[in-house]
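Since the structure comes first, as structure tokens, the remarks are kept for the end.
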Amino acid sequence: MSDLGALPVQAYLTACLLAGVIGLWLGRVAWRERDEPGGLEVALYLFCGGGVSLLYALRVAAPGEVAMTVALNLATPLLGALPVLWILFAFAFTGNDRWRTENRIVALATPAFVWVLLAWSSGTHGLARRSVVPVADGPFTLLGYELGPAGGAFVLLAYGLCVAGALLVVDLYERTGNRYRLQTFVVLLGTLFPFLAGVATFVDLGSYAHLSWLPTAFVIHGVFLYGTVFWLGTLDAAVVARDTAVEVMQDPVIVSGSDGRIRDLNPAAEAILPPDAVGSTLSEAFPRLEVGVEHPTTIGDRQFDIQENPITDPRGTDRGHVFLLRDVTAREQRQRELERREAELERQNDRLAEFAGVVSHDLRNPLAAASAAVELARQRGDDSDGALERAANAHDRMDDMIEGLLALATAGETVDDLDRVSLDGTVRRVWSRLETADATLTVEGDATVLADRDRLEQLTSNLFRNAIDHAGEDVAVTVTVATDGDAVALAVGDDGPGIPPEERERVTERGVSLGGGTGLGLAIVGDIVEAHGWTLSVAESDTGGARFVIEGMEAADS
């Protein structure tokens with residue numbers, strides 16, 4: 016056994032025992048608060064590190080080879096778990112929880128588990144350890160051994176996991192702001208201890224070739240991790256998510272310091288700025304960010320709106336600015352296309368208004384003269400073959416078409432001013448103005464709605480004329496007004512022959528007439544309905560005739 020009276024042995028045992036107690040105690044504390052990000056891994060890491068340190072002290076102080084071997088075998092699974100726990104902590108600490116799946120954890124733990132089994136059975140095959148015998152090293156008596164192929168492979172794996180975790184933390188250190196760099200620095204500093212202790216143990220840099228410095232180094236590393244998680248605070252998940260979101264954003268993000276120099280860029284900004292933009296001034300790398308720049312600004316073939324936000328510390332001191340360049344190329348293209356269409360529509364409306372003026376003045380005047388001449392000739396009685404009668408009918412039809420075209424020119428215009436209109440009053444007023452002969456009108460219900468008064472009268476008049484023209488002069492017309500809360504529906508039905516189901520979708524199209532009319536009356540109805548934002552449907556009335564239902568009207572008292 017080791018010389019327990021020798022000062023080096025006492026000092027080493029004291030360090031191992033103290034480290035073991037600290038590791039187990041801090042592990043217990045961490046276990047109570049293991050819900051913190053990385054807290055569970057830190058607790059288990061401290062338990063394993065503390066256990067390894069105490070068991071190594073037992074190996075040093077053990078009176079015989081059997082006790083040393085027992086302590087070595089008990090420490091083996093704890094040693095196997097440490098690198099796995101470290102990489103899992105690195106995943107949690109750096110916000111890479113997506114890598115901590117069950118399959119990956121099993122994949123990481125499997126080599127360690129296999130190494131433990133091979134180490135325990137090395138006496139039969141020597142794959143993990145060879146020549147396990149007590150070795151005297153000054154005042155120490157230690158259990159020395161050589162690494163087998165499996166043991167060497169596990170050492171390489173352990174160092175690989177150590178380096179991989181450190182690289183994850185380094186990457187996080189470079190990406191996070193000043194507020195979180197202390198945590199990442201502390202984690203990296205703690206990682207140096209087991210790394211350097213392992214190098215010192217295997218390379219034999221000390222006075223005692225077989226003495227390991229790893230047990231206490233593991234505990235020191237665990238203390239640094241504990242301090243980071245429970246004293247300094249790990250990186251908030253929202254902060255990590257924000258950082259990741261900025262990296263993957265399609266819009267460029269530029270961060271400048273209080274001195275006006277660019278400090279950071281996301282990949283989207285790197286794509287549009289010079290390669291040496293970081294460290295240069297804003298005016299050099301991107302003059303368009305100067306105050307007063309016109310928005311949107313054009314960069315290459317893209318257009319961007321620029322949003323500037325100040326960066327201040329808790330005391331309100333200016334620390335720089337963040338510039339978000341929102342890509343509005345598609346929006347600007349849509350806007351230009353919309354402006355082009357609006358301009359084209361305005362030109363079309365102007366031409367339509369001009370056409371309406373021509374129809375109103377240049378066509379109606381000669382038509383009126385022709386109608387007067389025909390009427391004068393008829394009064395003289397010189398129409399033995401009915402030619403003048405046919406001419407008069409043609410003139411009446413032309414007048415109807417002109418009136419329809421004028422109404423059609425304005426029927427679809429957007430309704431800007433709405434009036435409070437009584438449906439019952441409108442229906443009866445329009446009916447009284449028409450030549451209805453023996454036709455009858457029945458009105459059921461009433462409501463006051465918001466509508467363009469003139470166009471609503473035009474709509475009603477066209478529906479009444481449609482009923483009289485197609486159902487006969489003795490047609491019975493029924494107008495029904497139904498209310499449902501704020502919604503009002505107007506239905507106009509007749510007892511005529513009705514409209515075949517296959518034609519109901521077409522009757523409101525321009526030029527479509529089932530009875531030899533102009534084909535404009537119902538088209539005007541459809542345009543007025545659409546201009547108000549209502550809906551029109553064609554159905555069969557209770558008496559088998561046609562029924563036009565207008566829905567979507569808004570009650571004026573709502």
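Residues in the sequence shown are numbered consecutively from 16, following our numbering.
We treat Cβ as the ideally placed atom computed from N, Cα and C, and that holds for glycine.
As the structure is a prediction and not an experimental result, all values here were calculated from the model.
Among the options, nearest to residue i - alpha-carbon criterion
i           : options            : result
residue 39  : 297, 108, 58       : 58
residue 64  : 84, 73, 97         : 97
residue 457 : 442, 232, 450      : 442
residue 516 : 492, 477, 560, 476 : 560
residue 598 : 449, 452, 210, 472 : Since the first residue of the chain shown is 16 and the last is 573, residue 598 is not available in this structure.
residue 570 : 505, 394, 322, 450 : 505
residue 18  : 106, 152, 286      : 152
residue 541 : 267, 522, 91       : 522
residue 275 : 321, 336, 490      : 336
residue 70  : 51, 100, 105, 27   : 27
residue 338 : 299, 394, 360, 277 : 277
residue 164 : 140, 555, 117, 297 : 140
residue 512 : 485, 538, 520      : 485
residue 241 : 228, 229, 201, 77  : 201
residue 203 : 178, 216, 114      : 178
residue 234 : 246, 223, 245, 208 : 208
residue 223 : 247, 265, 154, 173 : 154
residue 51  : 114, 246, 117      : 246
residue 470 : 543, 279, 507, 461 : 543
residue 144 : 327, 167, 297      : 167
residue 438 : 487, 453, 498, 449 : 498
residue 2   : 314, 271, 545      : Residue 2 cannot be examined here, being either before or after the span of the chain that is shown, 16 to 573.
Heavy atom of the ligand MN within 7 Å of residue i beta-carbon
i          : result
residue 58 : The ligand MN is not among the ligands present in this structure, which contains no ligands whatsoever.
Test item: CB-CB of residue i and residue j under 8 Å
i           : j           : result
residue 347 : residue 311 : yes
residue 243 : residue 187 : no
residue 496 : residue 475 : no
residue 333 : residue 273 : yes
residue 463 : residue 510 : no
residue 45  : residue 231 : no
residue 53  : residue 124 : no
residue 494 : residue 466 : no
residue 292 : residue 267 : no
residue 503 : residue 568 : yes
residue 148 : residue 138 : no
residue 180 : residue 60  : no
residue 91  : residue 134 : yes
residue 229 : residue 216 : yes
residue 226 : residue 183 : no
residue 24  : residue 99  : no
residue 101 : residue 176 : yes
Neighbour-count burial assignment, residue i, 16 or more Cβ in a 10 Å radius
i           : result
residue 66  : buried
residue 281 : buried
residue 214 : exposed
residue 307 : Only weak support is given to the placement of residue 307: the predicted model assigns it a pLDDT of 45, under 50, and the value that follows is read from those uncertain coordinates. Per the 10 Å Cβ criterion, exposed.
residue 130 : buried
residue 205 : buried
residue 490 : buried
residue 345 : exposed
residue 169 : buried
residue 20  : exposed
residue 556 : buried
residue 146 : exposed
residue 477 : buried
residue 136 : exposed
residue 56  : buried
residue 300 : buried
residue 572 : exposed
Enclosing beta strand (DSSP E) for residue i [first to last residue]
i           : result
residue 563 : 561 to 569
residue 161 : 155 to 162
residue 335 : 333 to 342
residue 152 : 144 to 152
residue 278 : 277 to 280
residue 495 : 491 to 499
residue 658 : The chain is shown from 16 up to 573; residue 658 falls before or after that span and cannot be answered.
residue 269 : 268 to 272
residue 505 : 502 to 509
Range covered by the alpha helix (DSSP H) that runs through residue i
i           : result
residue 231 : 229 to 241
residue 126 : 117 to 135
residue 315 : Where residue 315 is concerned, there is no enclosing alpha helix (DSSP H), given that its DSSP letter is neither H nor E.
residue 300 : 297 to 300
residue 475 : 468 to 486
residue 546 : 536 to 547
Min CB distance residue i to chain B below 8 Å
i           : result
residue 210 : You won't find chain B in this structure, because it holds only one protein chain.
| In the segment 32 to 100, which residue ranges form an unbroken alpha helix (DSSP H) of at least 4 residues, counting only runs that do not cross its ends? | 54 to 76
| task | Jot down the residue ranges of each uninterrupted beta strand (DSSP E) in the segment 436 to 460, minimum 3 residues, whole runs only, in chain order. | result | 455 to 459
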